[in-house]
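Chains as they are written, first to last, in UniProt numbering: chain V, 1 to 377; chain E, 1 to 279.
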Amino acid sequence: MASVTLKKINKHFGSAHILRNIDLDIEDGEFVVFVGPSGCGKSTLLRVIAGLEEVNNGDLLIGGQDVIDLAPKERGIGMVFQSYALYPHMTVRDNIAFGLQLSRESSQTIEERVASTARILQLEPLLERKPRELSGGQRQRVAMGRAIAREPRVMLFDEPLSNLDASLRVQMRMEIAKLHRRLKSTIIYVTHDQVEAMTLASKIVVLNAGRIEQVGTPYELYEHPATTFVAGFIGSPNMNLLSSSVDAVNGDLLSLALQSGTSIDISPVPVQGVIKGDSVTLGIRPEHMQLTTPAAGQIDGEIVNVEYLGNERFVYLMYHADAEPLVIRHSGQQLPMVGERAGVLFEADACHLFNQQGISYPRVLHDHPESALAESI
Amino acid sequence: MNRNIMRILARSGFSLLVVLILVFCLFPFYYAIITSFKSSSELFQASYWVNQLHFDNYQHILGQETFIHSLFNSVLVSTLVVGLSLLLGLTASYALGRFEFRGRSTVLMVILAVSMFPQVAVLSGLFEVIRMLGLYNNPFGLVISYMLFTLPFTVWILTTFMQQLPKELEEAAIVDGATPWMTLVRVMMPLLWPALVTTGMLAFIAAWNEFLFALTFTLTDDQRTVPVAIALISGASQYELPWGIIMAASVLVTLPLVIMVLFFQRRIVSGLTAGAVKG
Ligand SMILES: Nc1ncnc2c1ncn2[C@@H]1O[C@H](COP(=O)(O)OP(=O)(O)OP(=O)(O)O)[C@@H](O)[C@H]1O
Ligand SMILES: [Mg+2]
């Protein structure tokens, strides 16, 4: 159990600058998830924290102690690898006990730790088996067992569930959440999967090309993405991003001119600091739009695709030839058909505005029921 | 009808070919074995069958103290060669297979190049080295010189296998707090077992059968290894070669090899790495 602090971490591979000035504070007991596109440096950052990768400069503190020059073992970390990396020639028991044996614990301590680890992860009936005699989910649990047996201060997971099939992934996700509640250890977790990130994290770190784009709770990231990158990355399907320019601002009233020339009115304006004439990106999530008749909509266009998912539909609407189609989540009664024309109504409250650099304008803060709830706990 | 005949013809043609190849490969061994069971008078009748088993040749050769001595020397030399080759090969391949450093591929090429020289080419130079080390007419001199040809293939084969082990396995060991030596011995070595057995066996056979170095670097009967001892077996007179005894000795020294191969073959469990990674 310990906090982790990264200060100006930089990492080069040859001439490639992979991690750029990473500053991050992770508190004791937090569940932090790194997300980002492939190749953005998530694994590298995790391996830097583990001590498997050296940094070019920067500082790393675990539990207030400078660990940058320490070996992985001395940092008090446990790691679960994407491929599990179990020792194939050892039984489950030996896999879990290996680290303890190496640190010359007494055989009684080893026995106890293995027993308690096996109990926590329900590995008791499997202790004498070899990894090749285990299913994917069981191997996953052994890998976690190996990491927790030494009672590390920080647990590191690198895409631990990406080798499992969908239903097992859901199950293991819950087990990891349970494990965290039980051990209360600090966990740093790398994933591609948004659902994993949103459900597990107490704090999400969005990385992009070796830089931190935004750090925040899942709620903050979803409701207040700091950049267009985060806006587009968090949420599925992605947030719609429409380039436009500011037509008129007047107090609470804001109207934007879209690429198509249509002018739309989003009032009351949810953000501050917008000036007439600015080029801005309007961001709106699929669930914050409503389909209506072409005449009643703020904009209208032709439906080019409908994806049916049972409980809802994703409707793709072409409002302008040069722009990406709008994605609208639709769960209403009437059935939109491909080829029809339809109109769209925007919820002004849920609109995001980003400036030309892709940075969000500061929002006018309303009381959000969820954040109020979070504070009261 | 026609096709059936064709098929039968093709089949029997193939079987015939297999039989021919087998005869070609095995006949010399067969002939050696039956010769070893013949009495000296039978030897010169060209028969391909033993009518009566004679153990005279075996009795004779096992009664010779120098032969027993050279058998012992061979076992000593071959075992040491295998042990040292595997130890050096394993540690070298760990460095060459798992670490990136400048000159890595150069080292690998040099190691390979060493094994390309014919033995005769290095004979005189090696002789000087052995004499300088004071190991002339000493089995340990042979051990060193044999590693000249066992080490290159040991290192190459083990390096190849080492490179195939997943990197995460090694990193898991590092996170678990294993030193490089521990990682090698407790994690890598058990996984390389099949490769170790294979290379060890090849090294043993190479050392066991080596002739040229053994002849050159030893002088006295009590320091010789078996291949030389057999070659130097002489008959009662200068004009007689005791073929029966030579063959009996040859069979005797081949037997351990055959037994060893059969024994270790069972131990080479393939797919030992299954379960290390992925699902
Ligand atoms: N050992 C290495 N040598 C050179 N470049 C490397 C090395 N390891 C990683 N990289 C580069 O660093 C960048 C970040 O790699 P990293 O593995 O951290 O990405 P990632 O975010 O984990 O991606 P993924 O989601 O695909 O796992 C990549 O561009 C990769 O090519
Ligand atoms: Mg990765």
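Glycine included, every Cβ here is placed at the ideal spot set by N, Cα and C. No experiment lies behind these values; they were computed from the predicted model shown.
Out of curiosity, what's the CA-to-CA distance linking residue i and residue j?
i, j, result
"Leu212 (chain E)", "Pro139 (chain E)", "14 Å"
"Pro190 (chain E)", "Gln214 (chain V)", "45 Å"
"Pro28 (chain E)", "Ala173 (chain E)", "51 Å"
"Gln138 (chain V)", "Leu168 (chain V)", "10 Å"
"Met188 (chain E)", "Ile61 (chain E)", "44 Å"
"Thr183 (chain E)", "Glu170 (chain E)", "7 Å"
"Glu375 (chain V)", "Gly78 (chain V)", "Annotation note: pLDDT 42 at Glu375 (chain V) (below 50); position unreliable, no value reported."
"Ser12 (chain E)", "Thr106 (chain E)", "52 Å"
"Arg93 (chain V)", "Glu128 (chain V)", "6 Å"
"Arg7 (chain E)", "Thr35 (chain E)", "40 Å"
"Gln65 (chain V)", "Glu27 (chain V)", "14 Å"
"Pro118 (chain E)", "Ala95 (chain E)", "28 Å"
"Glu307 (chain V)", "Gly29 (chain V)", "41 Å"
"Gly235 (chain V)", "Tyr222 (chain V)", "7 Å"
"Arg98 (chain E)", "Gly99 (chain V)", "21 Å"
"Lys25 (chain V)", "Leu46 (chain V)", "The sequence as given places Asp at residue 25 (chain V); Lys does not occur at that position. Using only the alpha carbons, I get a separation of about 14 Å."
"Ala348 (chain V)", "His288 (chain V)", "9 Å"
"Asn57 (chain E)", "Arg224 (chain E)", "21 Å"
"Leu196 (chain E)", "Leu86 (chain E)", "7 Å"
"residue 327 (chain E)", "Ile144 (chain E)", "Chain E is shown from 1 up to 279; residue 327 (chain E) falls before or after that span and cannot be answered."
"Ala46 (chain E)", "Tyr31 (chain E)", "10 Å"
"Pro152 (chain V)", "Glu74 (chain V)", "10 Å"
"Ala248 (chain V)", "Ser279 (chain V)", "12 Å"
"Ser107 (chain V)", "Thr179 (chain E)", "20 Å"
"Ile264 (chain V)", "Leu254 (chain V)", "9 Å"
"residue 283 (chain E)", "Ser15 (chain E)", "Examination of residue 283 (chain E) is not possible in this model, given that chain E is present from 1 through 279 alone."
"Gly274 (chain V)", "Ile188 (chain V)", "Going by the sequence as given, residue 274 (chain V) is Val instead of Gly. Rounded to the nearest angstrom, the two C-alpha atoms are 38 Å apart."
"Ala118 (chain V)", "Gly216 (chain V)", "34 Å"
"Phe314 (chain V)", "Lys8 (chain V)", "42 Å"
"Leu373 (chain V)", "Gln171 (chain V)", "Confidence at Leu373 (chain V) is low in this model, with a pLDDT of 44, below 50, so its placement is unreliable and no value can be given for it."
"Ile96 (chain V)", "Leu52 (chain V)", "20 Å"
"residue 292 (chain E)", "Gln356 (chain V)", "In this structure chain E extends from 1 to 279, so residue 292 (chain E) is not present and cannot be described."
Would you mind sorting residue i into buried or exposed? The rule is 16 or more other CB atoms within 10 Å of its CB.
i, result
"Lys276 (chain V)", "exposed"
"Gly177 (chain E)", "buried"
"Val18 (chain E)", "exposed"
"Asp158 (chain V)", "buried"
"Gly141 (chain E)", "buried"
"Asn240 (chain V)", "buried"
"Asn305 (chain V)", "exposed"
"Gly200 (chain E)", "buried"
"Met116 (chain E)", "exposed"
"Leu9 (chain E)", "exposed"
"Arg186 (chain E)", "buried"
"Pro160 (chain V)", "buried"
"Leu241 (chain E)", "exposed"
"Glu128 (chain E)", "exposed"
"Ile359 (chain V)", "exposed"
"Phe161 (chain E)", "buried"
"Ile68 (chain E)", "exposed"
"residue 398 (chain V)", "The requested residue 398 (chain V) does not occur in the structure, where chain V is confined to residues 1 to 377."
"Glu324 (chain V)", "exposed"
"Glu196 (chain V)", "buried"
"Thr154 (chain E)", "buried"
"Val154 (chain V)", "buried"
Below 7 Å, is the gap between the Cβ of residue i and the nearest heavy atom of ligand 4?
i, result
"Asp158 (chain V)", "In terms of ligand content, the structure shown lacks ligand 4 and carries ligand 1 and ligand 2 instead."
> If you scan the stretch 178-252 of chain V from start to end, which runs of the alpha helix (DSSP H) of 4 or more residues do you find wholly inside it?
Replying inline: 194-200, 218-223 and 228-233
> Which of the residues in the stretch 144-178 of chain E, read from start to end, lie with their CB under 7 Å from any CB of chain V?
Replying inline: Pro166, Glu168, Leu169, Glu171, Ala172, Ile174, Val175, Asp176, Gly177 and Ala178
> Whose CB is closer than 5 Å to a heavy atom of ligand 1? List the residues in chain order.
Replying inline: V:Phe13, V:Ile18, V:Ser38, V:Gly39, V:Cys40, V:Gly41, V:Lys42, V:Ser43 and V:Thr44
> Got a sec: which bits of the stretch 185-211 of chain E sit with their beta carbon under 7 Å from any beta carbon on chain V, in order along the chain?
Replying inline: Val187, Pro190 and Leu191
> According to a CB-to-CB cut-off of less than 7 Å, which residues of the stretch 81-95 of chain V neighbour chain E?
Replying inline: Phe81, Ser83, Tyr84, Ala85, Leu86, Tyr87, Pro88 and His89
>> To be precise: take each residue of the stretch 56-76 of chain V, compare its Cβ to all Cβ atoms of chain E, and keep it if any distance is under 7 Å. Which residues remain?
In response: Pro72 and Lys73
>> Can you pull out the residues from the stretch 97-118 of chain V whose beta carbon lies closer than 7 Å to at least one beta carbon of chain E?
In response: Phe98, Gly99, Leu102 and Ser103
> Can you give, in chain order, each stretch of the beta strand (DSSP E) that sits fully within the stretch 78-152 of chain V and has at least 3 residues?
Replying inline: none
>> Residues of the stretch 37-52 of chain V in Cβ contact with chain E at a cutoff of 9 Å, in chain order, please.
In response: Arg47, Ala50, Gly51 and Leu52
>> Ignoring anything shorter than 4 residues, give me the alpha helix (DSSP H) runs that lie fully in the stretch 200-271 of chain E, in order along the chain.
In response: 212-217, 226-231 and 243-267
>> If we require 3 or more residues per run, which beta strand (DSSP E) segments fall completely within the stretch 299-346 of chain V?
In response: 299-308, 313-318, 326-330 and 341-346
> Of all the residues that make up the stretch 106-139 of chain E, which are near chain V by a beta-carbon distance shorter than 7 Å?
Replying inline: none
> Taking a cut of 7 Å between CB atoms, which residues from the stretch 224-250 of chain E lie near chain V?
Replying inline: none
>> Please give the ranges of any alpha helix (DSSP H) in the stretch 51-99 of chain E, keeping only runs that are unbroken, at least 4 residues long and fully inside the region.
In response: 56-63 and 65-98
> Between the stretch 6-25 of chain E and chain V, which residues of the former have CB atoms less than 8 Å from a CB of the latter, in chain order?
Replying inline: none
> Any residues in the stretch 318-350 of chain V with a beta carbon nearer than 7 Å to a beta carbon of chain E? Which ones, in chain order?
Replying inline: none
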